[in-house]
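The sequence shown begins at 0 in numbering that gives the first Met the number 0 and counts up by one.
By construction, the Cβ of each residue, glycine as well, lies at the ideal position given by its N, Cα and C atoms.
For clarity, every value in this text was computed on a predicted model and none was experimentally measured.
Everything on this sheet refers to the single structure shown next.
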Amino acid sequence: MRNHNPRNHNKNTTIILICILVVSIVTPILILNHTRPFPIRCQFYGEMTDELKDSELYEDMQSGKSFCFIGDSITHGNEAYGIPWYKYLETNIKGNTIHLSLGGWTTLDVIDNISESTTADVYVIAIGINDVLNIHCDVGADTPEEYVEKCQKIVNLLKINSPDAKYYFIAPWPIVDDTKGYDIIRDNFADALKDWCNKEDIIFLDPSPIILSVLEMDGSSKYMLDDVHPNATRGCGLYSYAVLDAAHQRRVDESS
0 MRNHNPRNHN KNTTIILICI LVVSIVTPIL ILNHTRPFPI RCQFYGEMTD ELKDSELYED
60 MQSGKSFCFI GDSITHGNEA YGIPWYKYLE TNIKGNTIHL SLGGWTTLDV IDNISESTTA
120 DVYVIAIGIN DVLNIHCDVG ADTPEEYVEK CQKIVNLLKI NSPDAKYYFI APWPIVDDTK
180 GYDIIRDNFA DALKDWCNKE DIIFLDPSPI ILSVLEMDGS SKYMLDDVHP NATRGCGLYS
240 YAVLDAAHQR RVDESS
């Protein structure tokens, strides 16, 4: 018959309790930090060249004006360890920055969440990809015309507290390796947004061609977490680059 040692039993019980305590403390922290167990090394695509700085957007970033970034998970960083697509823009913004964004948001969600605290001198609005992916689900815009109407309502609501603000609208983000025809819907939404922005004297930027060309050249796995979300290490840097490049190209087109 084996002797029972109370001391060993108590020691084992203590170890088990400590392990349970550590797990109960660490797990929520990892969840709140989007399971980031190690530092994320993020990279900008290429270099911050003089060409990328040659745009109205970059000049606004350097002016000291406050910025508000509005969007969905790509703006919020839900799927990229909390890193937003505009991370590398933010490091060059001299004024304050805030964001109004959350994973899964559509134009309708933005409309429902604009408040007095959403005030800024410059708004960079990148919303619409979830409208495209959830078309005819009654959660956002179902047609390009309805999408534009909701974008107009977003601007009207923002003007209540920021009447002199400036607006940049970014076309719905690209969909990679699409096999269901969402890319065609995205393009239709983007075209409608561009036409509306031109009529309203609002700045329109479409970084998707730049993003897709890089993905085709280097492979999407290097930059993308899935067909929609950029990854934290290189994808967000590519998206920042593509927006700056699109802003520069807009200036080139206007001067030609």
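Identify, in the order they occur along the chain, each residue of the same chain with its Cβ nearer than 6 Å to the Cβ of residue i, setting aside the five sequence neighbours on each side.
| i | result |
| --- | --- |
| residue 143 | 187, 188, 191 |
| residue 260 | Nothing can be reported for residue 260: it is not among the residues displayed for the chain, which extend from 0 to 255. |
| residue 169 | 125, 204 |
| residue 149 | 106, 140 |
| residue 183 | none |
| residue 256 | Here the chain covers residues 0 to 255 and nothing more, so residue 256 does not appear. |
Are there 16 or more other CB atoms within 10 angstroms of the CB of residue i, so buried, or fewer, so exposed?
| i | result |
| --- | --- |
| residue 83 | buried |
| residue 139 | buried |
| residue 205 | buried |
| residue 218 | exposed |
| residue 233 | buried |
| residue 255 | exposed |
| residue 48 | exposed |
| residue 252 | exposed |
| residue 196 | buried |
| residue 159 | exposed |
| residue 241 | buried |
| residue 62 | exposed |
| residue 90 | exposed |
| residue 239 | buried |
Here's a check: name, in chain order, each residue in its chain whose Cβ is nearer than 7 Å to the Cβ of residue i, leaving out the five neighbours to either side.
| i | result |
| --- | --- |
| residue 311 | Any question about residue 311 goes unanswered here, given that the chain covers just 0 to 255. |
| residue 119 | 65, 66, 67, 97, 161, 164 |
| residue 152 | 110 |
| residue 134 | 141, 184 |
| residue 41 | 82, 86, 231, 232, 235, 236 |
| residue 147 | 191, 192, 195 |
| residue 112 | 99 |
| residue 201 | 166, 168 |
| residue 95 | 65 |
| residue 154 | 166 |
| residue 175 | 214, 219, 223, 226 |
| residue 245 | 204, 205, 206, 209 |
For residue i, which residues of its own chain have a beta-carbon under 8 Å away from its beta-carbon, when the five flanking residues on both sides are left out?
| i | result |
| --- | --- |
| residue 102 | 71, 72, 75, 77, 78 |
| residue 177 | 226 |
Quick one: measure Cβ to Cβ for residue i and residue j, integer angstroms, because I've assumed they're closer than 8 Å.
| i | j | result |
| --- | --- | --- |
| residue 171 | residue 128 | 5 Å |
| residue 220 | residue 173 | Actually they do not touch by this definition, with Cβ atoms about 15 Å apart. |
| residue 56 | residue 243 | 7 Å |
| residue 250 | residue 100 | Not quite, the Cβ-Cβ distance comes to about 27 Å (not below 8 Å), so this is no contact. |
| residue 131 | residue 181 | 6 Å |
| residue 247 | residue 88 | Actually they are not in contact, since the Cβ atoms of residue 247 and residue 88 sit about 13 Å apart, beyond 8 Å. |
How is the alpha helix (DSSP H) around residue i delimited, first residue to last?
| i | result |
| --- | --- |
| residue 235 | 234-254 |
| residue 98 | Run containing residue 98: none in the alpha helix (DSSP H); it sits in the beta strand (DSSP E), 96-100. |
| residue 52 | 49-52 |
| residue 181 | 181-199 |
| residue 113 | Careful: residue 113 lies outside any alpha helix (DSSP H) and carries neither H nor E. |
| residue 44 | Here residue 44 belongs to no alpha helix (DSSP H), and DSSP marks it neither H nor E. |
Could you give the first and the last residue of the continuous beta strand (DSSP E) run that contains residue i?
| i | result |
| --- | --- |
| residue 204 | 202-204 |
| residue 121 | 121-125 |
| residue 167 | 165-169 |
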